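Enquirer: Below you will find the structure I want to go over with you.
Residue numbers (our numbering): 24 to 382.
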């Protein structure tokens, strides 16, 4: 049950108004992903400047719910067969993500251990490991806390990584002229209000079920799986209205932007700079890996870049959807990686560093 004071509701409304204005400016400037990048940058900068930004959790959940349902509509039986045939490539991408995150963590530890003598060696090791892992920010922070890490540094590292990837990759794709390569459209392109109501009810039930089971990203994964089930079964209830998808992108971007604060830049500036630079290196390495994987699978390299990039599942899937770059393949790669990283990162840390009791 959520209760918001009038003051908080006013702050939330003002933040949404700022995000909407930023999205409108990006539309005028023909920027990529205007409903995501504009609000993200505007709200992030406002938060860092000390303005009273706010994001309501129900709105963020609703945004994830809409995007999850919309992406599930791409998984037609034809697409399902295609994705199933790529299981080996998805397995390779998971192994790559785990190895890349571990390597990034080692680099952070070597760069900063001597600069932070006040942080005990075990805590520094855990901080670097979970900051480098390519997983969800909240989940990695919780795991880091159990391992005795500096959770503020872990959360900051993931926030920086997400912004760098979410802003950088769409601009790179637009400048390269890559868009509209997707020859696998969603099962339905027409909005049928009765079917949309049924889809909304069923996907909401899926989200609530995932939440009751305490699964990660329940308001994204639950609707995604339910919508996939309908589409794979050949049932085309309705498309998701474009305006609703745009609104969902906006509230997700706002929820990311409010993570920043005026104190954020004072949280170990060298740590933040190293995280940003390391993220750029990871994106380049993922690009090389994506090209090799594209040659092996026969898929376009741009699709593989989005599928293997170290970004968030919702953000990369939205990028694929807006630019029409292999939505189902990108979503499948990102979802499978997310699940695998969440399941394996903790036990791998215990196995590598002898903390099996923590996980």
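Note that beta-carbon positions come from the ideal geometry of N, C-alpha and C, so glycine has one too.
Please read all numbers here as calculations on a predicted model, not as lab measurements.
Look at the Cβ atom of residue 38, then the Cβ atom of residue 277, and state whether they are nearer than 9 Å.
Expert: yes
Enquirer: Do residue 127 and residue 305 come within 9 Å of each other at the CB atom, strictly closer than that value?
Expert: yes
Enquirer: Could you check how far apart the C-beta atoms of residue 214 and residue 268 are, in whole angstroms? I think they sit under 8 Å.
Expert: The C-beta distance from residue 214 to residue 268 rounds to 11 Å, too long to meet the 8 Å contact threshold.
Enquirer: Determine, using beta carbons only, whether residue 149 and residue 124 come nearer to each other than 9 Å.
Expert: No, they are not a contact pair.
Enquirer: Entirely within the segment 288-342 and at least 4 residues each: give me those alpha helix (DSSP H) ranges in chain order.
Expert: 292-320, 324-331
Enquirer: Of all the options 281, 87, 57, which has the alpha carbon lying nearest to the alpha carbon of residue 239?
Expert: Considering only alpha carbons, the answer is 87.
Enquirer: Over the uninterrupted alpha helix (DSSP H) stretch that includes residue 133, give me the two end residues.
Expert: 110-135
Enquirer: Please determine whether the Cβ atom of residue 239 lies at a distance below 8 Å from any heavy atom of the ligand ADP.
Expert: Only the bare structure without any ligand can be found here, which leaves the ligand ADP out of the picture.
Enquirer: Decide if the segment 69-84 is in contact with the segment 285-292; the criterion is three or more beta carbon pairs, one per stretch, under 8 Å apart.
Expert: yes
Enquirer: If you reduce the DSSP assignment to three classes, tell me which class residue 272 lands in.
Expert: When secondary structure is reduced to three states using DSSP, residue 272 falls in the helix class.
Enquirer: Using CA atoms only, rank isn't needed, just tell me which of 29, 94, 145 is closest to residue 377.
Expert: 145
Enquirer: If you count every other CB in all the chains shown that lies within 10 Å of the CB of residue 187, and 16 or more means buried, which is it?
Expert: buried
Enquirer: Could you pull the start and end residues of the alpha helix (DSSP H) that residue 75 belongs to?
Expert: Run containing residue 75: none; DSSP gives neither H nor E here.
Enquirer: What's the C-alpha gap between residue 254 and residue 229?
Expert: 15 Å
Enquirer: With a cut-off of 8 Å on the beta carbons, I'd call residue 309 and residue 332 a contact; round off their distance for me.
Expert: 5 Å
Enquirer: Is the beta carbon of residue 63 less than 9 Å from the beta carbon of residue 346?
Expert: no
Enquirer: With a cut-off of 8 Å on the beta carbons, I'd call residue 96 and residue 235 a contact; round off their distance for me.
Expert: Contact check for residue 96 and residue 235: beta-carbon distance about 24 Å, past the 8 Å limit, so the pair fails to qualify.
Enquirer: Thinking just about the alpha-carbon of each residue, which of 256, 78, 366 is nearest to the one in residue 102?
Expert: Of the candidates 256, 78, 366, the one whose C-alpha sits nearest the C-alpha of residue 102 is 256.
Enquirer: Let's test the definition: count the other Cβ atoms within 10 Å of the Cβ of residue 242 and tell me whether it reaches 16, buried, or not, exposed.
Expert: Buried.
Enquirer: For residue 216, count neighbouring Cβ atoms within 10 angstroms of its own Cβ and tell me buried if that reaches 16, exposed if not.
Expert: exposed
Enquirer: Could you work out which residue in 157, 198, 336 is closest to residue 54 when comparing CA atoms only?
Expert: 198
Enquirer: Could you say which of 302, 108, 122, 324 lies nearest to residue 367 if we only look at CA atoms?
Expert: 122
Enquirer: Considering only the alpha carbon of each residue, which of 130, 153, 322 lies closest to residue 385?
Expert: Lying before the first or after the last residue shown, residue 385 is absent from the chain, which here runs from 24 to 382.
Enquirer: Can the beta-carbon of residue 383 be found less than 9 Å from the beta-carbon of residue 58?
Expert: Since the first residue of the chain shown is 24 and the last is 382, residue 383 is not available in this structure.
Enquirer: Rounded to the nearest angstrom, how far is the Cβ of residue 167 from that of residue 177, given a contact under 8 Å?
Expert: 4 Å
Enquirer: Quick one: using the 10 Å Cβ neighbour count with 16 as the cut-off for buried, is residue 107 buried or exposed?
Expert: Exposed.
Enquirer: For residue 109, is the classification buried or exposed, using 16 other Cβ atoms within 10 angstroms of its Cβ as the cut-off for buried?
Expert: buried
Enquirer: Residue 120: which of 375, 364, 370 sits nearest, CA to CA?
Expert: 364
Enquirer: Would you report the Cα separation of residue 156 and residue 116, rounded to the nearest angstrom?
Expert: CA-CA distance, residue 156 to residue 116, rounds to 14 Å.
Enquirer: Let me know if residue 194 comes out buried or exposed under the rule of 16 or more other beta-carbons within 10 Å of its beta-carbon.
Expert: It counts as exposed.
Enquirer: Which of the three DSSP states is assigned to residue 141 in this structure?
Expert: coil
Enquirer: So, is residue 66 buried or exposed, given that buried needs 16 or more other C-beta atoms within 10 angstroms?
Expert: buried
Enquirer: Identify which residue in 315, 374, 279 has its Cα closest to the Cα of residue 84.
Expert: 279
Enquirer: Assign residue 31 to one of two classes, buried (16 or more other C-beta atoms within 10 Å of its C-beta) or exposed (fewer than that).
Expert: exposed
Enquirer: Enumerate in chain order the residues of its own chain whose CB-to-CB distance from residue 328 is below 6 Å, with the five nearest sequence positions on each side excluded.
Expert: 310, 313
Enquirer: Which whole-angstrom value describes the C-beta separation of residue 297 and residue 134, a residue pair presumed to lie in contact below a C-beta threshold of 8 Å?
Expert: 6 Å
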